[in-house]
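Here the sequence shown is numbered in the UniProt record's numbering, starting from 1 and rising by one per residue. Each remark here refers to the structure printed beneath this line.
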Amino acid sequence: FSGVLPRCVRLCQGCLYAGGEPMDPLPDSAPLATKLRNTLLQYHSAADSEWRVAKKTKDATVWRKPSEEFSGYLYKAQGVVEDVTNRIVDHIRPGPYRLHWDSLMTTMDIMETFDENCCVMRYTTAGQLWNLIAPREFVDFSYTTSYEDGLLSCGISLDYGEVRPNFVRGFNHPCGWFCVPLKDYPSHSLLTGYIQTELRGMLPQSAVDTAMSSTLANFFSDLKKALKM
């Protein structure tokens, strides 16, 4: 019987148990991917007047505006990266590169793969601000697709699986990275990210805001270093 089910449904049925504990099935990947892409396109079309600068470095500018998903902020980060689109996105999306260069990420596991551009990943992050923000764990649905002459890699957290000991389960509301080649310099790309992470736990909002702005700025500098290696 399972042989005639759509592949994503078969995957869901195979994920009902982990460590002996029943778990909710994974959502159908196709409608989730479509909804996620449309949400990111909406963020990407927001007028400049809606954003307020939160941080500026030589590598990137970070803006923010109130999130429509939760009580925190939606952050936008943008900078020019000296590399081609495909290689940049390969370093950002789930895969062998990300864990090696992202200073905030401590572990990453692909829990389920729907196809080569669509998966569920679990990853952990290091403590921040002298461990005022304790290590976090996330389980994200990740989807990479074409966008104009470049790519969009996007994701959203799922309430799925058991939380690891000594971690707080965070939640990424719709987030993603648009990467397109510069028209006059095709060997350079414009990278624009939209991030709205609910860290959860007992945290002062000011600490969260400081951490998010700095994390996004550092993301660009770490990525640029990795691409030069």
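Beta carbons: idealized from backbone N, C-alpha and C, even for Gly.
Exposed or buried, what is residue i when buried is set at 16 or more other beta-carbons lying within 10 Å of its beta-carbon?
i: Tyr185; result: exposed
i: Ala30; result: exposed
i: Gln42; result: exposed
i: Ser153; result: buried
i: Lys183; result: exposed
i: Pro94; result: buried
i: Pro22; result: Any answer about Pro22 is weak, because its pLDDT of 44 lies below 50 and its placement is not dependable; what the coordinates show is given next. Pro22 comes out exposed.
i: Lys228; result: exposed
i: Met121; result: buried
i: Lys224; result: buried
i: Ala217; result: buried
i: Asp115; result: exposed
i: Arg146; result: Correcting the residue identity first, residue 146 is Ser in this sequence and not Arg. The residue in question, Ser146, is exposed, as its Cβ has fewer than 16 Cβ neighbours within 10 Å.
Considering Cα atoms alone, identify which of the options is closest to residue i.
i: Gln128; options: Thr113, Ala54, His44 and Asp209; result: Asp209
i: Phe167; options: Thr57, Gln42, Glu50 and Thr107; result: Thr107
i: Thr144; options: Ile195, Glu162 and Asn86; result: Asn86
i: Gly150; options: Leu199, Trp177 and Glu116; result: Trp177
i: Leu36; options: His188, Ile156 and Pro165; result: Ile156
i: Arg200; options: Pro135, Leu191 and Ser221; result: Pro135
i: Trp51; options: Lys58, Asn38 and Lys65; result: Lys65
i: Ala211; options: Val81, Ile133 and Tyr147; result: Ile133
i: Asp222; options: Lys58, Asp28 and Thr124; result: Lys58
i: His44; options: Thr124, Gly193 and Thr125; result: Gly193
i: Thr125; options: Phe220, Asp109 and Asp48; result: Asp109
i: Thr113; options: Phe220, Met202 and Pro27; result: Pro27
Which same chain residues, not among the five before or five after residue i, have their C-beta less than 7 Å away from its C-beta?
i: Val163; result: Glu137 and Arg169
i: Thr34; result: none
i: Val53; result: Thr61 and Trp63
i: Glu198; result: Phe70, Gly72, Gly170, Phe171 and His173
i: Ser49; result: none
For residue i, which residues from the same chain have a beta carbon less than 6 Å from its beta carbon, with the 5 sequence-adjacent residues on both sides left out?
i: Tyr160; result: Val139
i: Thr39; result: Pro174
i: Glu148; result: Val180
i: Met111; result: Val120 and Arg122
i: Glu82; result: His188
i: Thr142; result: Note that residue 142 is Ser in the sequence shown, not Thr. So the list reads Pro94, Cys119, Met121 and Gly155, once near-sequence residues are dropped.
i: Phe220; result: Asp59, Ala60 and Gly79
i: Asn117; result: Thr144
In chain order, what residues of the same chain have a beta carbon less than 8 Å from the beta carbon of residue i, not counting five sequence neighbours either side?
i: Ser214; result: Lys55
i: Gln196; result: Ser67, Glu69, Phe70, Gly72, Tyr73, Leu74, Tyr75, Asn172, His173, Pro174 and Cys175
i: Ala226; result: His91, Tyr97, His100 and Trp101
i: Val84; result: Pro181, Pro186, Ser187 and Ser189
i: Leu158; result: Leu26, Pro27, Val120, Val139, Asp140 and Phe141
Count the C-beta pairs between the segment 74 to 82 and the segment 101 to 116 that are closer than 8 Å, then say yes if the count reaches three, no if not.
no
Quick check: the segment 198 to 217 against the segment 89 to 101, are at least 3 beta-carbon pairs closer than 8 Å?
no
For the segment 97 to 183, list the beta strand (DSSP E) runs that are entirely contained and at least 3 residues long, ordered along the chain.
105 to 115, 118 to 125, 136 to 147, 150 to 157 and 175 to 181
Extract the residue ranges of the beta strand (DSSP E) inside the segment 33 to 87, only unbroken runs of 3 or more that lie entirely within it.
52 to 56, 61 to 66 and 73 to 81
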